[in-house]
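For reference, the structure discussed in these notes is given below.
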Amino acid sequence: MAFSIMKMRSSKTLVFYPGPNKITACNFLTRSVFECSPEMVGLLASWDKWASTADIARAHGWSKSELKAVVPQLLDFSALVTAGSPLAEQEEQFSGQWSWGLPTALMHFCVQDSAYMTIEQAEERQIERAGHTPQPDLVLKNSAGAIQLPNALEDNELLALMARRRTNRTAAQPTITAKQLSDCLFAGLGITGETANCVGALPLGMTPSGGARNPYEAYVVALGVDGLEPGVYHYCAADHDLGRISANHLPKISELVGGQEWADTMPCLILLCAKLDRTMWKYEDANAYRVVLIEAGHIGQNIMLAATNHGLSACPTAALSQLAIKRLLGLDRLTDAPIYALTLSAPEPCPSSAGQSIN
25 MAFSIMKMRS
35 SKTLVFYPGP
45 NKITACNFLT
55 RSVFECSPEM
65 VGLLASWDKW
75 ASTADIARAH
85 GWSKSELKAV
95 VPQLLDFSAL
105 VTAGSPLAEQ
115 EEQFSGQWSW
125 GLPTALMHFC
135 VQDSAYMTIE
145 QAEERQIERA
155 GHTPQPDLVL
165 KNSAGAIQLP
175 NALEDNELLA
185 LMARRRTNRT
195 AAQPTITAKQ
205 LSDCLFAGLG
215 ITGETANCVG
225 ALPLGMTPSG
235 GARNPYEAYV
245 VALGVDGLEP
255 GVYHYCAADH
265 DLGRISANHL
275 PKISELVGGQ
285 EWADTMPCLI
295 LLCAKLDRTM
305 WKYEDANAYR
315 VVLIEAGHIG
325 QNIMLAATNH
335 GLSACPTAAL
345 SQLAIKRLLG
355 LDRLTDAPIY
365 ALTLSAPEPC
375 PSSAGQSIN
């Protein structure tokens, strides 16, 4: 279709910020970042309704030749959106589903599907940085005369278990048991009771949740779980069971965690995906987004401790391939958000430094 009759408008998810001699623009839905002139900002500001280039030329004094020169670039940068396009549909979803404002949306969408850095690349960067910038102190010591507390690990089985937790990225065995997986899932997301408020019943879980909204669902990519057919499963916390998800293919785990090849030796992956609309429904304040992220840490820590109790290592990662995960799981709402993931495995007793994560 010719640009002169194609209906377009400026994107509703553009954010601009000034810099020296330039203006930088970002479409946070597409993660497109580009530079533009004040004249381009003026053009986009005036093109806020569906209109063709001919309409804009007549109404705002731009020549057709000028528009013909800039429109393809603006479309490539997703600064302009064509009527009926997938991006136009995505923007409609955003306007209808997102209620936590543009600043929170900018952070949420722009950090998705980030480029993965290998361990070797990360180490090279740390060494280079250490050569010119000293590390900050990793612990803060008290001055002399501080009050010594009782030994926390003495005769304390719970804290001793917590102290044994380690992240180990080498798998000693190709499988784990269904009981081990079951306990890890229940520790993180199990429902233990019910409470109620002014609008109805609310589930009580193994971890605290803001307003008892329980925004997280767990999905399991099971490649080596004894008694479980390899596949993708949804964990129902209410019934403590697994439902098989129809998937076009069973991916390598690395395909879901930013290309991290160490993950392909793991027998199992737990994906924690937030249904943000559960929390949005009650809390209009964007601070609730921070609460949802904190809850992933609560759940993940419980999973890791249950894994430690079984002699397993649960390796957490936030390096996710969000688009691939959503496609695999059939999560089509804009407010369905993969947030956190953990692999489960029996660890090697003496891992090599290349496969070990110290945390």
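Residues 25 to 383 in my numbering are what the sequence shown lists, from first letter to last. Quick reminder that beta carbons are idealized off the backbone N, C-alpha and C, glycines included.
Using the Cβ count rule (16 or more neighbours within 10 Å means buried), how would you classify residue i?
i	result
P42	exposed
S119	exposed
E180	With the sequence shown as reference, residue 180 is identified as Asn, and Glu is not the correct amino acid for it. When all chains shown are included, N180 counts as exposed.
D265	exposed
C292	buried
T156	With the sequence shown as reference, residue 156 is identified as His, and Thr is not the correct amino acid for it. Flag for H156 reads exposed.
L183	exposed
C222	exposed
P160	exposed
L250	The sequence shown places Asp at residue 250, rather than the Leu named in the question. It counts as exposed.
D360	buried
P373	exposed
A69	exposed
E241	buried
G169	exposed
L177	exposed
Could you compute how far the alpha carbon of residue i sits from the alpha carbon of residue j?
i	j	result
Q150	P158	11 Å
W74	A196	59 Å
L353	G255	11 Å
H273	T199	20 Å
I29	T77	7 Å
P340	Y364	7 Å
S102	S34	8 Å
I171	K165	12 Å
V94	C260	51 Å
L344	R351	13 Å
P239	Q284	27 Å
A310	W124	5 Å
K88	V105	18 Å
D72	G66	11 Å
G85	E308	41 Å
T303	L355	17 Å
M290	S167	45 Å
L368	W286	12 Å
E90	A83	14 Å
E279	P174	46 Å
D100	K92	13 Å
Q145	R153	12 Å
L366	P96	42 Å
A262	E147	43 Å
S109	S270	28 Å
E116	P275	31 Å
D288	Q204	19 Å
K299	L317	12 Å
T54	L209	33 Å
Would residue i and residue j qualify as a contact pair, given that the criterion is a beta-carbon distance under 9 Å?
i	j	result
A338	A331	yes
G234	V315	yes
F52	L111	no
Y313	T128	yes
C297	I215	no
I294	Y243	yes
L98	M141	no
Q136	L347	yes
Q121	L336	no
I47	P62	yes
G248	Y257	no
A107	K31	yes
T194	P44	no
Once the 5 residues before and after residue i are set aside, which same chain residues still bring their CB inside 6 Å of it?
i	result
V57	C50
G217	L228
R188	T332
D301	T359
H132	none
E59	K46 and T48
Residues in the same chain with beta-carbon distance under 7 Å from residue i, minus the five sequence neighbours each way, listed in chain order, please.
i	result
K306	G235 and R237
L252	A202 and A246
L126	V39
P362	L295, C297, L344, Q346, I349 and K350
Note down, in chain order, each residue of its chain lying with its Cβ closer than 8 Å to the Cβ of residue i, except the 5 sequence neighbours on either side.
i	result
G232	This sequence places Pro at residue 232; Gly is not what is there. These residues qualify, in order along the chain: E319 and H322.
N333	L185 and D207
A225	E218 and T219
S138	G282 and A343
A211	M230, N326, I327, L329 and A330
Report yes if the C-beta of residue i is less than 8 Å from at least one heavy atom of the ligand FMN; otherwise report no.
i	result
V281	Among the components modelled here there is no ligand, and therefore nothing to report on the ligand FMN.
Between residue i and chain D, is any beta-carbon pair separated by less than 9 Å?
i	result
S61	The chain labelled as chain D is not found in the depicted structure, where only one protein chain is given.
Pick out the complete beta strand (DSSP E) segments inside the stretch 187-250, 3 residues or longer, and give them in chain order.
215-221, 224-229 and 240-246
Restricting to runs no shorter than 4 residues, where is the alpha helix (DSSP H) found entirely within the stretch 92-155?
110-121, 125-134 and 143-154
Please give the ranges of any beta strand (DSSP E) in the stretch 349-378, keeping only runs that are unbroken, at least 3 residues long and fully inside the region.
360-369
To test your reading of the DSSP string, which unbroken alpha helix (DSSP H) runs of 4 or more residues are found completely within the stretch 270-350?
300-306 and 311-333
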